[in-house]
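Trainee: This note's numbering applies: residue 1027 is where the sequence shown begins, and numbers increase by one. Below is one structure. I have some questions about it.
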Amino acid sequence: MGHFYRLLAFAELCGADFQYFLAIPNAESVQKHLPSWLKTLEAPNIESLIKSITDPKNSMVVIDSYEATTHWFDLLNASGIKSIYIDDLHANFKANAIINHAPGAEKTSYSQDPKTVFVGSDYALIRKEFFEKERDRPVREKDQILLCIGGADPEDLSFKIVSLLRSIRPSAQLNVILGGSYQGQLLHTRMPNVQCHHNLSSAQMIALIDAAQVAIAPASTISMELCARRTPFACGYFVENQRGIFKGLHKANVMQPLNDLRDLDETILRSALDALADSQTIEVHLHNQQKLVDGRSAERIRDIVHKTLTPWD
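Shown next as structure tokens:
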């Protein structure tokens, strides 16, 4: 779902100047998450997608997929349709523009013209609600911890971390956000003070984030959402494409590092939680979060789109 939510965030940040269609396999799986202004388009391959576009000159295809190939962009370029590629693996496709919102990402990782490559958290692709000002935010609950691994979580890191937290902070209230395809032990195991959540709206997600004293998350889009909400958190990684984001977040000093979550143990997690109980540490993290995710993504994303649709200076 991460690719879907980045595309949804891209459209929200671009605003009402454009008409949007989402081409995605198994569209019914995300139908309930779609706003009314975003329609789905039946296009099983890039060729059929191109054929469905009736005004190539004034159209753009935004791609966020690990299945993308050079052939896709060759066909788009030949058709006259502009393209933007949302990347997190430093893929060198011939898109008209590339966005990699990972903190610490560098233009030099790409062979394209640097003025068509946009990297770093200035272009954070997170849903617009997360940028809204903090009005009537509830006081963060003492000993309330939010955990969000997301996705299918095939190694059941959610259960592992909950078990560690139950040992370290047995009285803490744990809110666990599970991915839609999660099939791990938390679905079948009842634990005191542990509440699991599924299929949350942005508003529900924000309510849990804002109420948490501290959060634990991987180095993915959720980490930037936590920064946008100015939330103390500990962060790690468990797949290759999260390592770069983790390094960027660590360098920016916006969180407590947990390193590889697959190797997480009680000592590492306890140390991180103890650090996040220190008011000076939290103050530094929150100040740096403000600098890292400043809430101006929308104007920057719109600028990319308008420049991509017109000749570059």
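Yeah, the Cβ is synthetic: ideal placement off N, Cα and C, and Gly gets one too.
For Ala1150, tell me which candidate among Gln1315, His1332 and Thr1334 has the shortest Cα-Cα distance.
Mentor: Gln1315
Trainee: For Lys1273 and Gly1130, which I take to be in contact (beta-carbon distance under 8 Å), what is that distance rounded to the nearest angstrom?
Mentor: Yes, Lys1273 and Gly1130 are in contact; Cβ-Cβ is about 6 Å, under 8 Å.
Trainee: In whole angstroms, give me the CA-to-CA distance for Thr1096 and Phe1119.
Mentor: 6 Å
Trainee: From the DSSP output, in three-state form, read off Asp1179 for me.
Mentor: coil
Trainee: In three-state terms, what does DSSP make of Phe1036?
Mentor: helix
Trainee: Indicate the three-state DSSP secondary structure (helix, strand or coil) for Ala1303 in the structure shown.
Mentor: coil
Trainee: Does the contact criterion of 3 or more C-beta pairs under 8 Å hold for the segment 1196–1209 versus the segment 1168–1179?
Mentor: yes
Trainee: CB-CB under 6 Å to Ile1112, same chain, minus the five flanking residues each way: which ones, in chain order?
Mentor: Result list for Ile1112: Arg1032, Asp1090 and Ile1125, in chain order.
Trainee: Please say whether Leu1173 and Ile1013 have beta carbons closer to each other than 8 Å?
Mentor: Any property of residue 1013 remains undetermined from this structure, which presents the chain solely from 1027 to 1339.
Trainee: Just mark Asp1179 as buried or exposed, buried being the case when its beta carbon has 16 or more other beta carbons within 10 Å.
Mentor: buried
Trainee: With DSSP collapsed to three states, give me the class of Val1331.
Mentor: Three-state DSSP puts Val1331 in a helix.
Trainee: Nearest-angstrom Cα distance between Ala1121 and Ser1105?
Mentor: 13 Å
Trainee: Out of Gly1270, Leu1191 and Ser1297, which has the shortest C-alpha to C-alpha gap to Met1217?
Mentor: Leu1191
Trainee: Output needed for Ser1085: all residues of its chain with C-beta closer than 6 Å, excluding positions within five of it in sequence on either side, in chain order.
Mentor: Ile1079 and Ile1107
Trainee: Please list the terminal residues of the continuous alpha helix (DSSP H) segment that includes Met1250.
Mentor: Thr1247 to Ala1254
Trainee: Which same chain residues, not among the five before or five after Ser1147, have their C-beta less than 7 Å away from its C-beta?
Mentor: His1127, Pro1129, Met1250, Leu1318 and Val1319
Trainee: Using the beta-carbon count (16 or more within 10 Å), is Trp1063 buried or exposed?
Mentor: exposed
Trainee: If you check the beta carbons only, do Leu1212 and Ser1184 fall under 8 Å apart?
Mentor: yes
Trainee: Within this structure, are the beta carbons of Gly1176 and Ile1248 separated by less than 8 Å?
Mentor: yes
Trainee: From His1214 to Ile1203, what distance separates their C-alpha atoms?
Mentor: 15 Å
Trainee: Which residue marks the beginning of the beta strand (DSSP E) containing Ala1233, and which one marks its end?
Mentor: Note, Ala1233: premise wrong, no beta strand (DSSP E); alpha helix (DSSP H) at Ser1228 to Ala1237.
Trainee: Tell me where the beta strand (DSSP E) around Asn1285 begins and ends.
Mentor: Gln1282 to Asp1286
Trainee: By the 10 Å Cβ neighbour count, where 16 or more other Cβ atoms means buried, how is Leu1115 classified, buried or exposed?
Mentor: Result: exposed.
Trainee: Who pairs with Ser1109 in a beta bridge, going by DSSP?
Mentor: Val1087
Trainee: Please classify Pro1258: does DSSP put it in a helix, a strand, or coil?
Mentor: coil
Trainee: Can you tell me whether DSSP reads Tyr1092 as helix, strand or coil?
Mentor: coil
Trainee: Can you tell me whether Glu1073 is buried or exposed? The criterion is at least 16 other CB atoms within 10 Å of its CB, across all chains shown.
Mentor: So Glu1073 ends up on the exposed side.
Trainee: Would the beta-carbon of Gln1282 fall within 8 Å of that of Ala1303?
Mentor: no
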